[in-house]
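See structure below.
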Amino acid sequence: MKLDVDVLKYLYKDDFRVLTAVELGMRNHEIVPTELIDRIARLKHGGTYKVLKNLLKHKLLHHDSSKYDGFRLTYLGYDFLAIKTMVNKGVFVAVGRQIGVGKESDIFEVAREDGTVLAMKLHRLGRVSFRAVKSKRDYLRHRSSYNWLYLSRLAALKEFAFMKALETHGFPVPNAVEHNRHCVVMSLVQGYPLVQVKQLQNPETVFETIIGLVVRLAERGLIHCDFNEFNIMIDDDEKITMIDFPQMVSVSHRNAQMYFDRDVECIFKFFRKRFNLSFEESLDDMDGSDEGRDGAGKPCFSAIERSAGFLDRELAASGFSRKDEEDIQRFIEGKAESDTNSDSEEVDLVEDLNEAGTIDGSYSSDLLEQNEGYESQWKEKSCEARESSGSEKEDANDNEEDNEEATENEAELVKSLNKQRRRAVAAVRKGHKTTGGRNSYKDKGGRSSHNSKIQKQLSSW
């Protein structure tokens with residue numbers, strides 16, 4: 501769908517209010533009911549329905565009445581919400597021509613009030629060319645439900661975070677300016693995609709610079725995962741700039757070596773075909789050292805030392821979870837403890853019941869104390885039983901009496917435990933009256949009640 505910003509001239513405050521209402525409703529509705537949109541927007545005199553008709557005409561909403569009457573946002577309507585927010589913040593004042601189209605994004609030129617030209621990237625996940633996002637990317641993490649607008653917002657947020665961090669650590673990336681929803685505004689790179697370049701003055705130097713960036717990223721704990729000629733910008737002075745970061749993963753990812761080798765292979769294959777570069781000779785001429793490289797001169801993932809920092813932990817990159825962070829900290833501080841503690845599990849269970857409102861706090865504490873008392877009694881009885889079994893060799897008659905006493909004590913203990921369990925169930929069900937079944941017999945003064953009265957009178961005589 502083509503972005504026509506001229507439509508913004510014909511949109512008013514109520515139009516954006518209704519668009520925002522639809523966006524809020526899509527948090528838990530695939531198709532937002534019309535009544536819900538009206539309640540959220542709160543426009544007077546039925547104004548919501550007039551606005552919906554206008555937005556539908558400009559294709560900012562999609563109408564669906566298959567199951568019930570409702571609307572959902574289109575990517576064009578989501579674009580207008582993001583652009584309106586950026587304009588209100590003063591990030592830019594004008595939108596220019598489209599300068600790039602990808603499988604999951606569109607890129608436009610935007611201009612600031614002082615005339616500075618920036619680049620605006622609009623993520624559009626869900627295109628026919630790239631719909632396997634849920635299986636290929638980890639934007640959702642633990643979430644199960646999603647829509648394409650939500651995935652696009654997560655991709656923009658992730659790219660903005662990576663761009664900021666890489667710029668801080670001295671990597672050649674665009675300057676991240678601002679982001680909102682699925683929109684990321686960055687500085688405009690003055691150059692060309694490497695795939696469009698047919699000739700270089702120093703192909704060996706450019707090749708070494710690009711391979712060095714792959715290794716530097718790995719030393720910082722990151723892998724680009726899409727490092728190829730389409731995502732590398734080069735200017736007239738042969739200066740390299742990296743772009744496109746939503747798919748980056750950590751070196752702790754289970755497929756990290758495969759992604760690293762694939763990025764390296766893409767660079768080697770491109771320079772071999774495009775510039776007829778002989779890698780063995782060029783590498784020997786450059787530094788003459790083969791440290792960290794295999795027989796073909798390619799960097800080895802296993803030989804890379806992570807001594808420069810941990811950006812994957814800083815940005816929570818894919819493959820590095822919060823549990824990994826806790827385990828590392830526990831190992832460093834030397835405070836690793838066993839997780840097989842039955843007492844702590846029991847306390848956690850009672851705390852969960854308290855939070856859920858199943859039992860009150862006073863009863864839960866009593867339950868723990870009584871449970872501890874029963875455990876101590878059980879241990880004492882078991883010790884007595886063991887002592888009685890040990891004296892079996894000395895005196896068989898005494899052993900039989902001890903066994904009888906042990907069985908009696910065990911029976912009493914089982915009864916007390918069953919009693920305790922019934923008390924816990926009764927406490928859980930406290931306040932709920934038990935009602936009879938639907939088919940239970942209810943005497944409402946019928947023949948049986950009349951016969952019982954006669955029998956009482958005869959007995960009194």
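According to the working numbering, the stretch in the sequence shown is residues 501 to 961, in order. For every residue, glycine included, the Cβ atom is placed at its ideal position computed from N, Cα and C.
- For residue 615, no pairing in a beta bridge is given by DSSP.
- Contact between the region 531-542 and the region 560-570 is present: three or more C-beta pairs spanning the two stretches fall below 8 Å.
- Judged by pairs of C-beta atoms under 8 Å, the region 729-740 touches the region 704-716, as three or more such pairs exist.
- The beta-carbon separation of residue 648 and residue 625, rounded to 5 Å, stays under the 8 Å limit for a contact.
- For residue 803, no alpha helix (DSSP H) segment is defined, and its DSSP state is neither H nor E.
- Distances from the alpha-carbon of residue 550 to those of 575, 582, 562, 515 put 515 closest.
- According to the DSSP secondary-structure assignment, residue 563 is paired through a beta bridge with 571.
- Counting only the Cα atoms, residue 926 lies some 14 Å from residue 917.
- In this structure the region 748-765 touches the region 711-730; the number of beta carbon pairs closer than 8 Å is three or more.
- Among the bridge pairs identified by DSSP, residue 607 is matched with 600, 621.
- Taking C-beta atoms as the reference points, residue 585 and residue 675 fail to come closer than 8 Å.
- The three-state secondary structure of residue 725, taken from DSSP, is coil.
- Residue 554: member of the alpha helix (DSSP H) spanning 547-557, first to last residue.
- By the beta-carbon neighbour count (other beta carbons within 10 angstroms, threshold 16), residue 776 is exposed.
- 8 Å or more divides the Cβ of residue 580 from the Cβ of residue 552.
- For residue 714, the enclosing alpha helix (DSSP H) covers residues 703-719.
- The continuous alpha helix (DSSP H) containing residue 518 extends over residues 513-525.
- Bridge partners of residue 680 according to DSSP: 683.
- In this structure, the CA atom of residue 732 is about 12 Å from the CA atom of residue 763.
- Counting the other Cβ atoms within 10 Å of the Cβ of residue 682 gives 16 or more, which makes it buried.
- Inclusion of residue 555 and residue 505 in the CB contact set at 8 Å is not warranted, their separation being larger than that value.
- In the DSSP assignment, residue 732 forms a beta bridge with 742.
- For residue 658, the enclosing alpha helix (DSSP H) begins and ends at 648-668.
- Non-local beta-carbon contacts of residue 666 in its own chain, meaning distances under 7 Å to residues more than five positions away in sequence, involve 673 in chain order.
- Of the residues 605, 668, 595, the one whose Cα lies closest to the Cα of residue 508 is 595.
- A direct Cα-to-Cα measurement between residue 612 and residue 589 gives close to 11 Å.
- Residue 541 has no beta-bridge partner at all, per DSSP.
- In the structure shown, residue 816 falls within a coil segment according to DSSP collapsed to helix, strand and coil.
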